[in-house]
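For reference, the structure discussed in these notes is given below.
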Amino acid sequence: KETFEGHQVLRIVPKDDVQLSLIKDLEDMIEFELDFWRGVTDAVTPVDIRVPFHSLQTVKIYLETQGIEYSTMIEDLQTMLDDEQEEMESAAR
Amino acid sequence: QPRNTDSYDYGRYHPINEIYDFQDMLVAENPNMVSKIVIGQSYEGRPLNVLKFSTGGTNRPAIWIDTGIHSREWVTQASGQWFAKKIVTDYGRDPTLTAILNKMDIFLEIVTNPDGYYYTHNNNRMWRKTRKPNPGSNCVGVDPNRNWDAGFGGPGASGRPCSETYHGPRANSESEVKSIVDFVKSHGNFKAFISIHSYSQMLLYPYGYTRTPVKDQAELHSLAKKAITDLASLYGTRYRYGSIISTIYQASGGTIDWTYNQGIKYSYTFELRDTGRYGFILPPSQIIPTAQETWLALMAIMDHTYKNPY
């Protein structure tokens, strides 16, 4: 079973088209293994990206050096999945 | 195990076997209205079950609703189960739905990507695609919402098997897609086609693969506005609406682009809620509110389809 310890979901709000294309560039950096939960649409619409632990620091540095604002929507994905699983099992019981 | 669909728990996520049991219970409890049609098999051999809601006639004008084509979007399959129960509960009670079902059929495919759904429960909660291996690649699966014969392989899908938006080796390469294509073509009398995804609160109509507006754009736009207004009336969930390409991004090989090009005018895609910051991991407490508000939008689209035969 695949687990997601340390994976975070970042919510990025691009300010303008320049930042939009910088975020789009992230899609092509396949070594980061990013999972776009909400794709790049237009400026001001949030982009949600699941970032594996091994890419977190690099991605955050990339965003910060480009002046792209982001927040951490999910601190640790596995914690949420464990809660979801627990809820399913207790409801089933 | 719930003894009937009244005691079934719509407020939680269910593994695939429980959803299949639910479908069989609903059919058994409503033999005069609900039947189950197996339109094909998934790659791993699971049945592609479609519930048919009909009060008679033959090959009546029909409405299609599917959920779960992207397997990790769990709130959609969960909402689909609630819709199924709502239809049998409201027929004979709600005059609008009763009028629709007295003249039209409704087809509902709840687990449109069963292999992927099973995989999210047992292997990888984040799985989105089908589960067919890709020759020559370590990566498995095709995005079933990029595999349709509408702008297939164009910009807005990926040619890389490891991508989440991989379009596949050719249009309709995925049995989960091909089975719907064949069913829709053989039925030949669908008037509305609604494919339900999550999340980001949008109601979208064609096209996604081209900027050329559909010829029915004005009507589809105003109906979408009515639908999201009805949706918001319950809990205030705010939706955006418009064509796929102008509202989100270019996406080729998409479901409703193909259905619209088949002549099914009322073709829509929903992106259901995440009103907070949960993304695909929407708490089960939000399943029923999501289904309830979405139902109001579905009723607006179905009622318009019924009142505007073509």
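Each protein sequence line maps, in turn, to chains E and L. If you're matching positions, the first sequence starts at 1 in my numbering and goes up one per residue. If you're matching positions, the second sequence starts at 94 in my numbering and goes up one per residue. All C-beta atoms in this analysis are idealised placements derived from N, C-alpha and C, irrespective of residue type, glycine included.
Would you call the stretch 311–327 of chain L in contact with the stretch 187–202 of chain L, where contact means no fewer than 3 C-beta pairs closer than 8 Å? Taking one beta carbon from each stretch, the stretch 311–327 of chain L and the stretch 187–202 of chain L have fewer than 3 pairs nearer than 8 Å; the two do not touch.
Tell me whether Lys-179 (chain L) is buried or exposed, calling it buried when 16 or more other Cβ atoms sit within 10 Å of its Cβ. Residue 179 (chain L) sits at position 86 when you count from the first residue of the second sequence. Lys-179 (chain L) should be labelled buried.
Would you say Tyr-403 (chain L) and Tyr-353 (chain L) are within 9 Å of each other, going by their C-beta atoms? Reading the second sequence from its first residue, position 310 is the one you call residue 403 (chain L). Reading the second sequence from its first residue, position 260 is the one you call residue 353 (chain L). Going by C-beta atoms, Tyr-403 (chain L) is not nearer than 9 Å to Tyr-353 (chain L).
Compare the Cα-Cα distances from Pro-376 (chain L) to each of L:Tyr-103, L:Gly-185, L:Thr-98 and L:Val-307 and report the closest residue. Counted from its first residue, the second sequence places residue 376 (chain L) at position 283. Closest option to Pro-376 (chain L), Cα to Cα, is L:Tyr-103.
Alpha-carbon spacing of Asp-117 (chain L) relative to Asn-216 (chain L), whole angstroms: Start at 1 with the first residue of the second sequence, and residue 117 (chain L) comes out as number 24. Start at 1 with the first residue of the second sequence, and residue 216 (chain L) comes out as number 123. Straight-line Cα distance between these residues: approximately 26 Å.
Taking the runs of the beta strand (DSSP E) that are 3 residues or longer, which of them lie wholly in the stretch 136–203 of chain L? 140–146, 155–160 and 198–202
Straight-line gap, Val-270 (chain L) to Tyr-211 (chain L) (C-alpha atoms, nearest Å): To locate residue 270 (chain L), count along the second sequence from 1; it is residue 177. To locate residue 211 (chain L), count along the second sequence from 1; it is residue 118. Between Val-270 (chain L) and Tyr-211 (chain L), the C-alpha separation is close to 17 Å.
What three-state label does DSSP hand Glu-111 (chain L) in the structure shown? By 1-based counting over the second sequence, the position of residue 111 (chain L) is 18. Reduced to three states, the DSSP call for Glu-111 (chain L) is helix.
Using DSSP with H/G/I as helix, E/B as strand and the rest coil, what is Glu-364 (chain L)? Residue 364 (chain L) sits at position 271 when you count from the first residue of the second sequence. Strand at Glu-364 (chain L).
Whole-Å CB distance - Val-204 (chain L) paired with Lys-222 (chain L), under 8 Å assumed: The residue you call residue 204 (chain L) lines up with position 111 of the second sequence. The residue you call residue 222 (chain L) lines up with position 129 of the second sequence. Actually they are not in contact, since the Cβ atoms of Val-204 (chain L) and Lys-222 (chain L) sit about 15 Å apart, beyond 8 Å.
Quick check on Tyr-334 (chain L): does DSSP put it in helix, strand or coil? As a position in the second sequence, residue 334 (chain L) is number 241, starting the count at 1. Three-state DSSP puts Tyr-334 (chain L) in a strand.
By how many angstroms is the C-alpha of Asp-159 (chain L) removed from the C-alpha of Lys-15 (chain E)? Indexing the first sequence from 1 puts residue 15 (chain E) at position 15. Indexing the second sequence from 1 puts residue 159 (chain L) at position 66. Taking the straight line from one Cα to the other gives about 35 Å.
First and last residue of the uninterrupted alpha helix (DSSP H) at Leu-296 (chain L): Against the second sequence, residue 296 (chain L) aligns to sequence position 203. Run containing Leu-296 (chain L): none in the alpha helix (DSSP H); it sits in the beta strand (DSSP E), 295–298.
What did DSSP end up calling Thr-72 (chain E) once you bin it into helix, strand or coil? Taking the first residue of the first sequence as 1, we reach residue 72 (chain E) at position 72. Note: Thr-72 (chain E) maps to strand in three-state DSSP.
Please report the distance separating the alpha-carbon of Gln-78 (chain E) from that of Tyr-371 (chain L). Position 78 of the first sequence, counted from the start, is the residue given in the question as residue 78 (chain E). Position 278 of the second sequence, counted from the start, is the residue given in the question as residue 371 (chain L). Going by the C-alpha atoms only, they are around 13 Å apart.
Should Asn-206 (chain L) go down as buried or exposed, given a rule of 16 or more other Cβ atoms within 10 Å for buried? Against the second sequence, residue 206 (chain L) aligns to sequence position 113. Counting Cβ neighbours within 10 Å, Asn-206 (chain L) comes out buried, since at least 16 surround it.
Do Ile-349 (chain L) and Arg-304 (chain L) have their C-beta atoms within less than 9 Å of each other? Taking the second sequence and counting its residues from 1, the one referred to as residue 349 (chain L) is at position 256. Taking the second sequence and counting its residues from 1, the one referred to as residue 304 (chain L) is at position 211. No, the pair does not count as a contact, with Cβ atoms beyond the cut-off.
Would you say Met-98 (chain E) lies against chain L (beta-carbon separation less than 9 Å)? The question about residue 98 (chain E) has no answer, for chain E in this structure spans 1 to 93.
Range of the contiguous alpha helix (DSSP H) that encloses Asp-351 (chain L): As a first step, residue 351 (chain L) is located in the second sequence; it is residue number 258 there, counting from the start. The question names Asp, but residue 351 (chain L) in the sequence shown is Trp. Run containing Trp-351 (chain L): 348–354, per the alpha helix (DSSP H) assignment.
Say whether the stretch 316–329 of chain L touches the stretch 385–401 of chain L, bearing in mind that this needs 3 or more beta-carbon pairs closer than 8 Å, one atom from each stretch. Using a Cβ-Cβ distance cut-off of 8 Å, the stretch 316–329 of chain L and the stretch 385–401 of chain L are in contact, since at least three pairs of beta carbons, one from each stretch, lie closer than that value.
Does the Cβ-Cβ distance between Asp-76 (chain E) and Glu-5 (chain E) come in under 9 Å? Residue mapping note: residue 76 (chain E) aligns to position 76 of the first sequence, counting from 1. Residue mapping note: residue 5 (chain E) aligns to position 5 of the first sequence, counting from 1. Yes, Cβ-Cβ distance for Asp-76 (chain E) and Glu-5 (chain E) is below 9 Å.
Which residues, in order along the stretch 348–362 of chain L, keep a beta-carbon less than 9 Å from a beta-carbon of chain E? From the stretch 348–362 of chain L, no residue has a Cβ closer than 9 Å to chain E.
Taking the alpha-carbon of Ile-273 (chain L) as reference, which of L:Ser-135, L:Ser-164, L:Pro-95 and L:Ile-109 has the nearest alpha-carbon? Position 180 of the second sequence, counted from the first residue, corresponds to residue 273 (chain L). Out of L:Ser-135, L:Ser-164, L:Pro-95 and L:Ile-109, L:Ser-135 has the C-alpha closest to the C-alpha of Ile-273 (chain L).
Under DSSP, the beta strand (DSSP E) around Phe-164 (chain E) begins and ends at which residues? Coverage of chain E is limited to positions 1 through 93, which leaves residue 164 (chain E) absent and any answer about it impossible.
Contact defined as beta carbons within less than 8 Å: I believe Ser-291 (chain L) pairs with Leu-365 (chain L). What is the distance between those atoms, to the nearest angstrom? As a working mapping, residue 291 (chain L) is identified with position 198 in the second sequence. As a working mapping, residue 365 (chain L) is identified with position 272 in the second sequence. Ser-291 (chain L) to Leu-365 (chain L), Cβ: 4 Å. Contact.
Range covered by the alpha helix (DSSP H) that runs through Gln-78 (chain E): One-based indexing of the first sequence puts residue 78 (chain E) at position 78. Where Gln-78 (chain E) is concerned, the enclosing alpha helix (DSSP H) stretches over 77–92.
Can you tell me which residues form a DSSP beta bridge with Ile-394 (chain L)? As a working note, residue 394 (chain L) is residue 301 in the second sequence. According to DSSP, Ile-394 (chain L) bridges with nothing at all.
Any residues in the stretch 47–63 of chain E with a beta carbon nearer than 9 Å to a beta carbon of chain L? Which ones, in chain order? Asp-48 and Arg-50
Since Thr-41 (chain E) meets chain L, which of its residues come closer than 8 Å, beta carbon to beta carbon? Residue 41 (chain E) sits at position 41 when you count from the first residue of the first sequence. In chain order: Thr-340, Ile-341 and Tyr-342.
Report all residues from its chain with a CB closer than 6 Å to the CB of Ile-72 (chain L); omit the five preceding and five following residues, and keep chain order. Nothing can be reported for residue 72 (chain L): it is not among the residues displayed for chain L, which extend from 94 to 403.
What does Gly-1 (chain E) touch in chain L if you count any residue whose Cβ is under 8 Å from its own? Here residue 1 (chain E) refers to the residue found at position 1 when the first sequence is read from its first residue. A quick correction: the sequence has Lys, not Gly, at residue 1 (chain E). The answer, in chain order, is Asn-215, Asn-216 and Asn-217.
In angstroms, rounded to a whole number, what distance separates the CA positions of Thr-3 (chain E) and Gly-138 (chain L)? Taking the first residue of the first sequence as position 1, residue 3 (chain E) is located at position 3. Taking the first residue of the second sequence as position 1, residue 138 (chain L) is located at position 45. Near 26 Å, if we compare the C-alpha coordinates of Gly-138 (chain L) and Thr-3 (chain E).
Could you tell me whether the Cβ atoms of Cys-255 (chain L) and Ser-293 (chain L) are closer together than 9 Å? For the purposes of this step, residue 255 (chain L) is taken as residue 162 along the second sequence, with counting starting at 1. For the purposes of this step, residue 293 (chain L) is taken as residue 200 along the second sequence, with counting starting at 1. At the C-beta level, Cys-255 (chain L) and Ser-293 (chain L) stay beyond 9 Å of one another.
Output the boundary residues of the alpha helix (DSSP H) element that contains His-314 (chain L). By 1-based counting over the second sequence, the position of residue 314 (chain L) is 221. Bounds of the alpha helix (DSSP H) holding His-314 (chain L) are 310–328.
By Cβ distance, which residues of its chain are closer than 8 Å to Asp-17 (chain E), with the 5 residues on each side in sequence left out? Position 17 of the first sequence, counted from the start, is the residue given in the question as residue 17 (chain E). The residues are Ala-43.
Bridge partner(s) assigned by DSSP for Val-51 (chain E): Within the first sequence, residue 51 (chain E) is the residue found at index 51, counting from 1. Val-51 (chain E) is bridged to E:Gln-8.
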